[in-house]
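What follows is a short report on a single structure.
Number of protein chains: 2
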Amino acid sequence: MAHDNKIEGHKAERDRHPAAAAEKILDVARDLFYRQGIRAIGVDEIVRTAGVAKPSLYRAFSSKDELAASYLRRYDREFWERFDEVVAAHPGDPRAQILAFLTRAGKRTQTPSYRGCGMTNAAVEYPEPDHPARKVSEDNKRELRRRLRAMAVEMGAADADTLGDGLLLLIEGAYISGQLFGPGGPAQSVARNAELLIGASLAK
Amino acid sequence: MAHDNKIEGHKAERDRHPAAAAEKILDVARDLFYRQGIRAIGVDEIVRTAGVAKPSLYRAFSSKDELAASYLRRYDREFWERFDEVVAAHPGDPRAQILAFLTRAGKRTQTPSYRGCGMTNAAVEYPEPDHPARKVSEDNKRELRRRLRAMAVEMGAADADTLGDGLLLLIEGAYISGQLFGPGGPAQSVARNAELLIGASLAK
DNA sequence: TGACAATGTTACCGATCGGTACGTACAGCT
DNA sequence: AGCTGTACGTACCGATCGGTAACATTGTCA
Numbered sequence: 001m002a003h004d005n006k007i008e009g010h011k012a013e014r015d016r017h018p019a020a021a022a023e024k025i026l027d028v029a030r031d032l033f034y035r036q037g038i039r040a041i042g043v044d045e046i047v048r049t050a051g052v053a054k055p056s057l058y059r060a061f062s063s064k065d066e067l068a069a070s071y072l073r074r075y076d077r078e079f080w081e082r083f084d085e086v087v088a089a090h091p092g093d094p095r096a097q098i099l100a101f102l103t104r105a106g107k108r109t110q111t112p113s114y115r116g117c118g119m120t121n122a123a124v125e126y127p128e129p130d131h132p133a134r135k136v137s138e139d140n141k142r143e144l145r146r147r148l149r150a151m152a153v154e155m156g157a158a159d160a161d162t163l164g165d166g167l168l169l170l171i172e173g174a175y176i177s178g179q180l181f182g183p184g185g186p187a188q189s190v191a192r193n194a195e196l197l198i199g200a201s202l203a204k
Numbered sequence: 001m002a003h004d005n006k007i008e009g010h011k012a013e014r015d016r017h018p019a020a021a022a023e024k025i026l027d028v029a030r031d032l033f034y035r036q037g038i039r040a041i042g043v044d045e046i047v048r049t050a051g052v053a054k055p056s057l058y059r060a061f062s063s064k065d066e067l068a069a070s071y072l073r074r075y076d077r078e079f080w081e082r083f084d085e086v087v088a089a090h091p092g093d094p095r096a097q098i099l100a101f102l103t104r105a106g107k108r109t110q111t112p113s114y115r116g117c118g119m120t121n122a123a124v125e126y127p128e129p130d131h132p133a134r135k136v137s138e139d140n141k142r143e144l145r146r147r148l149r150a151m152a153v154e155m156g157a158a159d160a161d162t163l164g165d166g167l168l169l170l171i172e173g174a175y176i177s178g179q180l181f182g183p184g185g186p187a188q189s190v191a192r193n194a195e196l197l198i199g200a201s202l203a204k
């Protein structure tokens, strides 16, 4: 054992860039937190699944709460990437943008393993206003509200704030009932209902 | 307190009916579970707040999960009481019934301490399909969906299932964004948006 | 070769988790 | 009185929680 330097090369492959453990941790945390919930997952399970040591977690993240916040910050980035992607697909046509977004979201909610919006779920799990994870979630939702209202203005809605908020309600409702009802649930009709709501809000 | 001859009372007052501890436990659990979340509250905190001993909890409830389910069963009863109350206030007028329900719900969401729907929150906290608390929650939501769709039929909607589901999405969205945004959030417009959606769904 | 940075290993901490074995106080009945 | 059933409390269980100290091992780069 003393001179046992040559083992399998199962660790030499990732030395190229630093903080490889942190990335694996975040990958695993993202997966487990989203699927099972943040409170349901302990740090031990994370490091065990990631195949890293616990100190590696606490060298990269100051606490579990901060790891949760990091998970949500990454979620936030990916969310807006998807959002901007569908927006860019229909330039100058906010109605088509929203409908495309909702069609895609509605489709995702029909997946058996669908677990809703990580942001929304985190806010439910952490009602305390000063929790780091909740702050990220609230920021994300505030920005979403702002954008939806702006798009309602673009659409020329008589009461743009009401329409923007109505769309947000439909979206959040889809996130929640997607995970509550599973495939075949009410979330499958979110795009159709949004279309109806938009139509009613534009007609005067 | 009509015949309250017994004094002294840290135990004499509840001899009349059995399982007084169980009631206090359920009262406290209801309050703490709703405000902070089920996973966030330990059984120790419950019994401490209730001023009872821990075995009293486990004599009345086989586990914490079962206590959570009991909390939700009570929540379910009270929910349908409120629901039936507003339905009874507008006999034969499903549109007025729903609007009245949503007006009241929308108002509640503007309370600073609002924490959403206990059913919805529990489903977010417990994604596992066989968790006792989740089962209660799913049953409640399925029944709500059924009723909303039935009311949409009563209203004479062209696509009643879509309207019923759309109303459910708005409701769930209001529950969630009520606790996410607090007063001034999108949930304040849930009744207005429902009105628009209903109008658009009835016009052909 | 030697310093450095990143990770791993092991062992631990106090607190809290959900849950229970067991003894006791007190009612009603005979 | 004596017995019995019932509701309750004290004290405790092992497991897990989030988090840390100390040190060994690794490959990289100068």
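For the record, the sequence lines run as chains R and B. Per the UniProt record's numbering, the first sequence runs over residues 1 to 204. Per the UniProt record's numbering, the second sequence runs over residues 1 to 204. Heads up, the beta-carbon is just placed ideally off N, CA and C, and yes, glycines get one too. Since the model is a prediction, treat every value here as computed from it, not as a measurement.
Does GLU172/R have its Cβ less than 8 Å from a Cβ in chain B? yes
If you follow the alpha helix (DSSP H) that GLN188/R is part of, which residue opens it and which one closes it? From DSSP, GLN188/R is part of no alpha helix (DSSP H); its letter is neither H nor E.
Residues of chain B with CB under 8 Å from ARG115/R, in chain order? PRO127
Nonlocal neighbours in the same chain, by C-beta distance under 7 Å from ASN193/B, ignoring five residues either side: LEU170
DSSP three-state label for GLU195/R, please. helix
Run the CB neighbour count on SER63/B, radius 10 Å, all protein chains shown included, and call it buried at 16 or more, exposed below. Answer is exposed; the Cβ neighbour count stays below 16.
Does the beta carbon of SER70/R come closer than 8 Å to any beta carbon on chain B? no
Please compile the residues from chain R whose C-beta is within a distance smaller than 7 Å of the C-beta of residue 235/B. The requested residue 235/B is not part of the displayed model; chain B covers only 1 to 204.
Close beta carbons around SER189/R, own chain, < 6 Å, minus the five adjacent residues each side: So no residue of the chain qualifies.
Rounded to the nearest angstrom, how far is the Cβ of VAL124/R from that of ASN121/B, given a contact under 8 Å? Correct: roughly 5 Å between the Cβ atoms.
Beta-carbon proximity of ALA174/B to ALA157/B, cut-off 8 Å: Not closer than 8 Å, so no.
Would you decide whether LYS141/B is buried or exposed? Buried here means 16 or more other CB atoms lie within 10 Å of its CB. buried
Please state the DSSP three-state secondary structure of THR109/R. coil
Assumed close pair LEU57/B, GLU45/B - CB separation to whole angstroms, cut-off 8 Å: Not quite, the Cβ-Cβ distance comes to about 11 Å (not below 8 Å), so this is no contact.
Closest to residue 271/B by C-alpha separation, out of ALA20/B, ARG30/B, ILE25/B, PRO55/B, would be which residue? Nothing about residue 271/B can be read from this structure; chain B reaches only from 1 to 204.
Mapping the DSSP letters down to three states, classify VAL47/R as helix, strand or coil. helix
LYS191/B to LEU99/B, Cα distance in whole Å? For the record, residue 191/B in the displayed sequence is Ala; it is not Lys. Approximately 6 Å, taken between the alpha carbons.
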